[in-house]
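*Asks:* Submitted below is the structure of interest, expressed as structure tokens.
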Amino acid sequence: MEHVGSTAVPRLAAKPVIDLLVVAESDAGIPRAIAALEAGGWSHQGDGGLPGRERFTSRSGLPYHHLYRRPGQ
Numbered sequence: 001m002e003h004v005g006s007t008a009v010p011r012l013a014a015k016p017v018i019d020l021l022v023v024a025e026s027d028a029g030i031p032r033a034i035a036a037l038e039a040g041g042w043s044h045q046g047d048g049g050l051p052g053r054e055r056f057t058s059r060s061g062l063p064y065h066h067l068y069r070r071p072g073q
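For what it's worth, the UniProt record's numbering labels the leading residue of the sequence shown as 1, then goes sequentially.
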């Protein structure tokens, strides 16, 4: 998991959203990753109309997050 986006850059003006990126080796592991993230306190929100992206929100009261995934290289 990587911290990406404007909040990841020191001294850069940023929106009040924390962007996190999860890299998956293949799409085959995505259902298992979704289940693990849900067990860890995240709520799966689907792809938000963007195929290849999975959106999650935190159920723990943390600041607003975007959690993205992409295939590994």
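For each residue, glycine too, the CB sits at the ideal point set by N, CA and C.
1. I need the boundaries of the alpha helix (DSSP H) containing residue 85, first residue and last residue.
2. Any idea what DSSP makes of residue 43, helix, strand or coil?
3. Just how far apart, CA to CA, sit residue 16 and residue 53?
4. Does the Cβ of residue 68 have 16 or more other Cβ atoms within 10 Å, making it buried, or fewer, making it exposed?
5. Determine whether the beta carbon atoms of residue 19 and residue 3 lie at a separation below 9 Å.
*Replies:* Looking at the atomic coordinates:
1. Absent from the model: residue 85. The displayed extent of the chain is 1 to 73, so no value can be given.
2. strand
3. 20 Å
4. Buried, since its Cβ has 16 or more Cβ neighbours within 10 Å.
5. yes
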